[in-house]
Every structure is written in structure tokens, then in C-alpha cells.
Amino acid sequence: MTSAPQPTGEDIAPVLLPPLTFVVPDGFHDVPVDASADERPESAAAFVRGLYPGGDAELWGSAAPYYERVTTLLSTAGLLYSGLGIFGLGEEGVAHCSLSVAVCASRHDDTETAAQGMLAVLSGDPLNDARWLDLPCGPAISCVSMRELSVAAEQTTASEEQPKIITGQIQVYLPFPTGPYMAVFTLSTASMQCWGEFCDMLTAILQTASFTDPDAPDHA
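Numbering that gives the first Met the number 0 applies: residue 0 is where the sequence shown begins, and numbers increase by one.
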């Protein structure tokens, strides 16, 4: 089970958030966004070794500083969870995605009102596919968007069309029933051949979301 770590006082203003837990499947590599500044070098090194298990000391040593900087940026941005999902496709290579969970302040009085307001806002953009979700932990709003990105290619001339890739993103807005906060789950991928599977995977993750403290006496 993944418990959203609390923000650290050295990075952002200390906030005592209500509990939020969820379960991610095997294949995700958790970016250590909850590591302190002193712990980040060692945590980033361990993350790189897990991400590239077949690598060597040279690869790990060159990649660790990059992911240490990424971890610092993510933690100071207030992300509670960040993970990279890498899934083997046999001879077709791998499919990959990123998953993040952030929490923002919300002034809602109840979860239904918060979800209805979010649905109204997101539905105003014709590029969004916004829908209502009834989850075990309460109402939520999903928003699917697709983007076409141009990729700079050194071998193309100015008159040639730049290569393009399609990326997909799912965001799910989940109001806390225990406080004025909104959890935002974001899954992004360029492996569009597995789009359906990633949608199903995020649905499964959301089914495990809970605002109950697993360490409370009633749940021990």
C-alpha cells in the first residue's frame, strides 16, 4: 500500500494533511519525493539502480545526479507521490508511463459540490473528455486529453515536416471527505499502443484509494 508522504518543512510550508492511501501495481518505480535534502543523493542512487537493474556503475553514476535534481523539483512542487511505470511487451520492447499524485487546497463544503464544480470547469474545454466517477472512497472527476507533440529531428530540413508523437493524459480529481483538499492523480504516457491498459490500471489504482488512516486503532 502506498501512503502519500507528508510534505517536509524544509521544502514547503508544513501542512498536516488528512490520510490518503492507494496501491500501485508492480512495475512502478517510486521516485523518492519524500526524501529529505540529506537523503536525496542516496535515495536517487537507489532509485536509479532499481530503474536500470541491468546497468553498471558508470550508467548509475551518470544518471543519479539527474534524478536527484528531478526529485528535488518534484518534492518542492508539492507532489506527494511520483512513479515511473515500465512494463515489458516482449519482442515489442516496453511501455512506459508516469504517475503522480498532488494535493491542493479546496474550499468545498462537501465532496459532491466539489466534484460537480470541477466537472463544470473541465467540461468547458472542448479538448477535454471530463466524466463523473463513483469510487468506493467518494465521487471524483476524470479528465482525458490527448496532445500532439513535434519532435526535433537533426536529419530533417526546414521544409520537411517534423516527426510527431501523440501523448495521452488522464487526470482524476478526488475531493477529500476529511478536509478542504483535492487529490489530483495524473497518468501520462506516450506509449499509446497500451492506452486502454493504462486506463484500466489507473481505474484499478483508484479503486484502492482510501481516506482512512491504516494505522488508526480501528484498522490495526
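Beta carbons: idealized from backbone N, C-alpha and C, even for Gly.
The closest CA to that of G84, considering only D199, S122, L186 and A208, is found on L186. In terms of Cβ geometry, L16 and V143 do not form a close pair [threshold 8 Å]. G167 counts as buried, since no fewer than 16 other beta carbons sit within 10 angstroms of its beta carbon.
Taking the C-beta atoms as reference points, A208 is found nearer than 8 Å to C136. Of all C-beta pairs linking the region 72–82 to the region 17–33, three or more are shorter than 8 Å, placing the two stretches in contact. Exposed is the label assigned to S61, since fewer than 16 other Cβ atoms lie within 10 Å of its Cβ. Pairing L19 with G49, the inter-Cα distance amounts to about 25 Å.
With a cutoff of 8 Å on beta-carbon distance, F210 and P176 are scored as near each other. For A113, same chain residues with a beta-carbon under 7 Å away, outside a window of 5 residues either side, are S105, H107, P174 and M181 in chain order. Shown here, R106 sits in coil according to DSSP, grouped into three states, outside any helix or strand. Burial state of E67 is buried, judged by a 10 Å Cβ sphere holding 16 or more other Cβ atoms. Looking at the backbone, the Cα of W194 and that of V120 are separated by about 25 Å.
Excluding five sequence positions before and after A189, the CB atoms of its chain that fall closer than 7 Å to its own CB belong to I164 and T166, given in chain order.
Residue range A56 to T75 is occupied by the alpha helix (DSSP H) that includes S61.
DSSP places F27 within a strand segment (E or B) once states are collapsed to three. Between Q206 and F184, the CB-CB gap reaches or exceeds 8 Å. A distance below 7 Å between beta-carbons, with the five flanking residues on each side excluded, links G87 to the following residues of its chain, in chain order: V93. When DSSP states are grouped into helix, strand and coil, F21 belongs to the strand group. A Cβ-Cβ distance of about 5 Å is found for the pair F197 and C96, placing them in contact under the 8 Å criterion. In this structure, the beta-carbon distance from L98 to F27 falls below 8 Å.
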